[in-house]
Each structure stands twice: as structure tokens, then as C-alpha cells.
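One structure is given here, and the rest of the page talks about it.
2 protein chains.
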Amino acid sequence: MPTKTRPRVLADLPLATPTQACCAPGASEPMSRENAEDLAVLLKAVADPARLQLISLIRSSANCEACVCDLTDAMGLSQPTISHHLRVLTSAGVLSREQRGTWAWFTLNPKRLKEISRLLI
Amino acid sequence: MPTKTRPRVLADLPLATPTQACCAPGASEPMSRENAEDLAVLLKAVADPARLQLISLIRSSANCEACVCDLTDAMGLSQPTISHHLRVLTSAGVLSREQRGTWAWFTLNPKRLKEISRLLI
DNA sequence: TGTCTATATTGACAGACATCAATGTATTTG
DNA sequence: CAAATACATTGATGTCTGTCAATATAGACA
């Protein structure tokens with residue numbers, strides 16, 4: 009069974025709220041350990057060269073989608089390794105998986121990437 | 009001697025250029041392994057709960073600056089561990105270090121965080 | 001049904017990393 | 001100079017993780 013887990017949405021707690029200039033007096037509350045751990049899990053999913061390349065490969069493919077075989081050919085890694093990375097990205101909500109016959113097609117979730125990006129600022 | 013290394017600036021190669029809608033035909037080139045590794049190093053520096061909390065703590069401090077002792081008190085970790093994390097963040101360009109007498113003060117580099125954030129999108 | 005193809009899972013292993021205790025270094029202060 | 005304080009470095013340890021070979025699963029097709 010393919011991993012379809014949607015990650016729980018992080019509390020709306022970026023490192024600072026966009027409206028505030030850096031260090032307005034009495035600024036934002038420091039991030040809790042729990043929120044920091046959640047965000048770290050998200051960032052770790054993306055902070056890997058192979059996974060960044062996979063994202064980039066899918067993005068530059070037609071329709072922003074690719075199947076595992078294409079990705080395995082393009083990267084210099086074994087098929088199980090590619091499968092592993094795709095699972096990590098899918099669990100993090102960065103990719104979506106769709107089964108078409110024997111093939112598994114993966115597409116980008118741009119919203120998720122933007123969300124991660126936003127939480128950083 | 010404190011680590012003052014400025015990381016080399018990543019090539020201007022976000023996962024996709026902002027002007028392009030996702031998957032315009034003949035879109036962006038896939039990211040090279042080398043660029044992916046550089047970006048991964050950057051992201052890994054931030055993808056840690058303790059370091060995210062440190063960033064958040066500094067951001068919510070007066071003047072966006074804090075010394076090691078304050079940070080050590082606020083986090084539940086040993087002083088060498090805090091020192092280690094601060095070094096990682098400084099090496100990644102996310103923090104700047106300034107010596108004032110016995111104290112070492114760390115400040116944020118918001119531009120660097122924005123750069124990381126931009127490369128993700 | 002049986003074979004082939006595409007993908008997932010398992011198990012193992014090596015390298016990376018977060019953490020701490022102990023120690024070193026440098027600055028301030030008495 | 002001596003003691004105390006603030007921070008960095010070293011060395012050790014346990015955990016996490018990226019990778020692959022081997023195997024399992026499942027759909028397509030003859």
C-alpha cells in the first residue's frame with residue numbers, strides 16, 4: 009500500500025510574523041520545542057541532495073510529474089533508494105503519489121514547498 | 009579563534025525560477041548534484057530543532073541579539089552543545105558573531121534566511 | 001495460469017551527527 | 001598575579017540516516 013499520509017499542518021508559527029520588523033520590542037514568542045521539532049522534520053525532508061534533485065527533476069518534467077523509473081534513470085542511485093527518498097518526500101507532503109497501472113507517478117505540491125519556505129522567514 | 013567563515017554564495021539556482029508557472033514546457037534545467045549538495049548543506053544547518061529554537065530565541069530578543077549564556081539558560085542543553093549549534097549556524101551564514109569582552113554575541117542575518125527560503129521555491 | 005515489469009519492503013552497514021563531560025583559552029576583576 | 005567567568009575544543013558515545021542487495025508485491029499481458 010502506497011504511503012498516503014498527509015502530514016499534520018504545522019501551527020502557524022513562522023520564526024517571526026511577516027508584519028513585524030526584526031526585533032520589534034516585545035516581539036514574537038520564542039518557538040516551543042515541540043514546534044521546532046515539527047518544523048525540523050519538515051526541513052530535514054528537504055535537506056538532502058538526492059531529494060532536492062528529485063524535486064528539481066519532477067519540476068522540470070512535463071506536467072510536473074514523473075514515474076519512479078524515469079527518476080531512477082536520471083539519478084545515479086539504486087531503485088530502492090529512490091523509492092525511499094520519494095516516500096520521505098511524500099510523507100512530508102512535498103510530493104503526491106498516484107498509481108497508474110504498474111507505474112507510480114509523483115507530482116509536486118508547490119503549496120507545501122511555499123509553506124516550508126514561509127515558515128523559515 | 010571564532011569561526012568567521014562566510015559561506016560561498018550559492019549559484020542563483022532556485023528549484024524553479026519565480027517567473028515561471030510550475031512546468032512551463034521546456035522549463036528549468038534540473039539541478040546539478042553539486043548545487044543540490046550545496047543547498048542541502050544550507051538546509052541541514054537549519055533543519056534541527058535546537059538550531060531552530062536558537063534562531064527563534066535570538067529573533068525574539070532585544071535588538072535581535074543574544075549571548076551564549078542567555079541561550080544556554082533558555083535551552084535545556086549543555087553549554088558546549090549550544091556552542092556547537094551556534095558554530096553551525098554561523099558557518100552557514102545565518103548568524104553573525106561579535107566578541108564583546110568575555111561575551112560572544114550572536115545576531116541574525118535575515119537576508120541569509122530569506123535566501124534559503126527563496127531557493128526552496 | 002505464468003511470466004515480465006515496475007515498485008515497495010526488509011535487513012544490513014557505514015558514515016554523519018547531536019549530545020555531554022572534561023579540558024583548554026581568554027578576559028575580567030580582585 | 002590569582003581567581004572567576006564566558007566561551008571554545010576535544011574525545012567519546014549512542015542514535016539517526018543514506019545506501020544497497022535481496023526479496024516481496026502487484027499489475028500487465030500472453
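Here the protein sequences line up with chains V and P, keeping their order.
Under my numbering, the first residue of the first sequence is numbered 9, with each subsequent residue one higher.
Under my numbering, the first residue of the second sequence is numbered 9, with each subsequent residue one higher.
From the three backbone atoms N, C-alpha and C, an ideal C-beta is built for every residue, glycine too.
Status (buried if at least 16 other CB within 10 Å, exposed otherwise) for residue i
| i | result |
| --- | --- |
| P:S86 | exposed |
| P:D56 | buried |
| P:G84 | exposed |
| V:D46 | buried |
| V:C77 | exposed |
| P:L97 | buried |
| V:R120 | buried |
Test item: CB-CB of residue i and residue j under 8 Å
| i | j | result |
| --- | --- | --- |
| V:L60 | P:A48 | yes |
| P:A82 | P:A53 | no |
| P:A74 | P:L65 | yes |
| V:S68 | P:P38 | yes |
| P:L51 | V:L51 | yes |
| P:S104 | P:N117 | yes |
| P:I63 | V:K122 | no |
| P:T115 | P:C72 | yes |
Coil, strand or helix - residue i by DSSP
| i | result |
| --- | --- |
| V:A100 | coil |
| V:E37 | coil |
| P:T110 | coil |
| V:A55 | coil |
| V:L128 | helix |
| V:L85 | coil |
| P:Q28 | Its pLDDT being 43, under 50, P:Q28 is placed unreliably by the model, and the measurement read from it follows with that caveat. In this structure, P:Q28 counts as coil in the three-state DSSP scheme. |
Chain P contact residues for residue i, given Cβ-Cβ distances below 9 Å
| i | result |
| --- | --- |
| V:K122 | L128, I129 |
| V:E45 | P57, L60 |
| V:L65 | P38, M39 |
Per-residue contacts from residue i into chain P (C-beta, under 8 Å)
| i | result |
| --- | --- |
| V:V54 | L51, A55, L128 |
| V:E37 | S68 |
Residue i: contacting residues in chain V (beta-carbon distance under 7 Å)
| i | result |
| --- | --- |
| P:R41 | P57, Q61 |
Interface partners of residue i on chain V, CB under 9 Å
| i | result |
| --- | --- |
| P:A48 | V54, A55, D56, P57, A58, R59, L60 |
Listed by chain order, chain V residues near residue i by CB distance under 8 Å
| i | result |
| --- | --- |
| P:S125 | S125, R126, L128, I129 |
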